[in-house]
Amino acid sequence: MRIDVVTIFPEYLAPLELSLIGKARQDGLLDLRVHDLRAFTTDRHRTVDDTPYGGGAGMVMKPEPWAQALAAIAGDRPEGAGKPVLIVPSPAGERFTQALAYELAEEKHLAFACGRYEGIDERVIDWSRDHFDVRPVSLGDYVLNGGEVAVLAMVEAIGRLLPGVVGNPESLVEESHSDGLLEYPVYTKPSVWRDREVPAVLLSGNHGRIAQWRRHEQFRRTAQRRPDLLEGFDAGKLPRADRTEL
Ligand SMILES: Nc1nc2cc(Br)ccc2s1
Numbered sequence: 077m078r079i080d081v082v083t084i085f086p087e088y089l090a091p092l093e094l095s096l097i098g099k100a101r102q103d104g105l106l107d108l109r110v111h112d113l114r115a116f117t118t119d120r121h122r123t124v125d126d127t128p129y130g131g132g133a134g135m136v137m138k139p140e141p142w143a144q145a146l147a148a149i150a151g152d153r154p155e156g157a158g159k160p161v162l163i164v165p166s167p168a169g170e171r172f173t174q175a176l177a178y179e180l181a182e183e184k185h186l187a188f189a190c191g192r193y194e195g196i197d198e199r200v201i202d203w204s205r206d207h208f209d210v211r212p213v214s215l216g217d218y219v220l221n222g223g224e225v226a227v228l229a230m231v232e233a234i235g236r237l238l239p240g241v242v243g244n245p246e247s248l249v250e251e252s253h254s255d256g257l258l259e260y261p262v263y264t265k266p267s268v269w270r271d272r273e274v275p276a277v278l279l280s281g282n283h284g285r286i287a288q289w290r291r292h293e294q295f296r297r298t299a300q301r302r303p304d305l306l307e308g309f310d311a312g313k314l315p316r317a318d319r320t321e322l
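Numbering (this note's numbering), first residue to last: 77 to 322.
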């Protein structure tokens, strides 16, 4: 997969040189390129923002540097790739979910546009639709100072799903949201720690009972912490023990 990120703070993306994503880049599983938006300005001061039409506080990101940067990315497509997906982190975007991470992990070419200030001139989003599949995406209902933190999270969530990135693909199967539920609690040695014991079923060696306990814990936790995830969930399909919990 090829990923391009456009930002006025390239150093903000340095953590993507570390750990699993960094190794994926070294192994050639992920071709990630970070571009400084100011490299696409033409004035002496490398200006990327200006005052908003209609008044109001703050500044808006100028359209031309963005069009220059995004045109360069769209014109440099990996072999066989169609229109890249342009993800624009925004509090006004569709919700980023594990399902969307899986969907985007299937793409050959992703681009991320990191807005700052009050955002990017809206005409850039409109212009980009001729060159990209444009997806404004939100991490949640809160406002950051820019898109970079959101890109770090999304690139990690997407990158870890690429074949060969995580050592044991099995570990992707039983994690929160992989099956629409929150993950079950996990324990390791010692079996008693500060007078707290590991649930006995996990020491029983009875794999059927362990699987049933884990499934029950998933539903219990989800009902307690994220009941919204259970909306529309067909309770009739639950094992009887789980049904009593909902
Ligand atoms: N939650 C989010 N807040 C922001 C703020 C700016 Br400025 C740019 C992108 C995002 S995503």
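Built from N, CA and C at the ideal position, the CB exists for glycine as well.
- For the options Pro141, Val210, Glu183, the alpha carbon positioned closest to that of Gly169 is the one of Val210.
- Within its own chain, the residues whose Cβ lies closer than 7 Å to the Cβ of Ala145, once the five positions on either side in sequence are excluded, are Val82, His111, Leu113, Phe116, listed in chain order.
- With a cut-off of 7 Å, the C-beta of Gly132 is classified as distant from ligand 1, since no heavy atom of the ligand falls inside that distance.
- Proximity of the beta carbon of Tyr193 to ligand 1 is indicated: a heavy atom of the ligand is located closer than 7 Å.
- A direct Cα-to-Cα measurement between Leu162 and Pro212 gives close to 8 Å.
- Looking at the DSSP output, Pro165 sits in a beta bridge with Val213.
- With 16 or more other CB atoms across the displayed protein chains lying within 10 angstroms of its CB, Ala187 is buried.
- Under the three-state reduction of DSSP output, Ile79 falls in the strand class.
- Sorting Ser254, Ala287, Tyr263 by C-alpha distance to the C-alpha of Ala177 places Ser254 at the top.
- With a threshold of 16 other beta carbon atoms within 10 Å, Asp217 falls short and is exposed.
- For Val210, the Cβ stays outside the 7 Å cut-off from all heavy atoms of ligand 1.
- By the Cβ-count criterion, Trp142 is buried, with 16 or more other Cβ atoms from all chains shown falling within 10 Å of its own Cβ.
- Straight through space, the alpha carbons of Val136 and Thr123 are spaced by roughly 11 Å.
- Of the candidates His292, Arg78, Leu306, Val277, the residue whose Cα lies closest to the Cα of Leu180 is Arg78.
- In this structure the stretch 263-272 does not lie against the stretch 184-198, because fewer than three pairs of beta carbons, one per stretch, are closer than 8 Å.
- For Phe295, the enclosing alpha helix (DSSP H) begins and ends at 283-301.
- Taken through DSSP and simplified to helix, strand or coil, Met137 comes out as strand.
- When the alpha-carbon of Ile234 is set against those of Thr118, Glu93, Gln174, the nearest one is in Gln174.
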